[in-house]
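Down below is the structure, laid out as structure tokens.
Following this line, the structure appears as structure tokens:
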């Protein structure tokens, strides 16, 4: 299914999903729009995050104390909050011109997504065949699976080593840039009025 979906996108077609739209609500228009943006982002991200969230929190509640489960729940919420915070501040700092330029890239995004889906689908099929052969005892090792596992381990180690401080640092830098940009705009506007 992934390969077919990737080929569909590579052929220049699009996948259109009808969902409720928040027209005219940008996260930079005020506090209410920021809340609506956060709620919309949370609902959209559920499809990606609900499985790991449930796996982590329910296993902790099952294997450890309720207090440990609550601590894991809070840590997960803080981590997701930092990611959403970095994304929201990035969107707020993006100028309209930059957003318009990125929209010009959109026709290529579908084709790039198609390539990634074909590669991911092909690997899923390959890995499935590998697992079947492994279960039958016909093989013990595979260079493709070993390479993919090594890459996955390297990415996991990088994220683990960076910890939450990398995301927090990115958020602090983005907020500082936002404050500096706003200060410069106010200063320019004041200079323009005086001249």
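Numbering (this note's numbering), first residue to last: 23 to 217.
Each residue gets a CB set at the ideal place from its N, CA and C atoms; glycine is no exception.
Original post:
Nearest CA to the CA of residue 96: which residue from 203, 196, 79 and 28?
Top reply: 79
Original post:
Is residue 133 closer than 7 Å to residue 29 when the C-beta atoms are compared?
Top reply: no
Subject >> Pair within 7 Å by beta-carbon distance, residue 104 and residue 198 >> reply: no
**OP:** Express the C-alpha separation of residue 207 and residue 191 in angstroms, rounding to a whole number.
**Re:** 24 Å
**OP:** Buried or exposed for residue 193, please, with buried defined as at least 16 other CB atoms from any protein chain shown within 10 angstroms of its CB.
**Re:** buried
Original post:
Going straight from the alpha carbon of residue 187 to that of residue 106, what length do you get?
Top reply: C-alpha separation (whole angstroms): 15 Å.
Original post:
What do you reckon, are the CB atoms on residue 139 and residue 68 nearer than 7 Å?
Top reply: Contact flag unset, no.
Original post:
Whose C-beta lies closer than 8 Å to the C-beta of residue 64 among residues of the same chain, with five residues either side of it excluded?
Top reply: Closer than 8 Å at Cβ, skipping near neighbours: 106.
Original post:
Buried or exposed: where does residue 166 fall if 16 or more other Cβ atoms within 10 Å of its Cβ makes it buried?
Top reply: In summary, residue 166 is exposed, with fewer than 16 beta-carbon neighbours lying within 10 Å of its beta-carbon over all protein chains present.
Original post:
Quick one: what does DSSP say residue 36 is sitting in, helix, strand or coil?
Top reply: DSSP, reduced to helix, strand and coil, places residue 36 outside both helices and strands of the structure shown, so it counts as coil.
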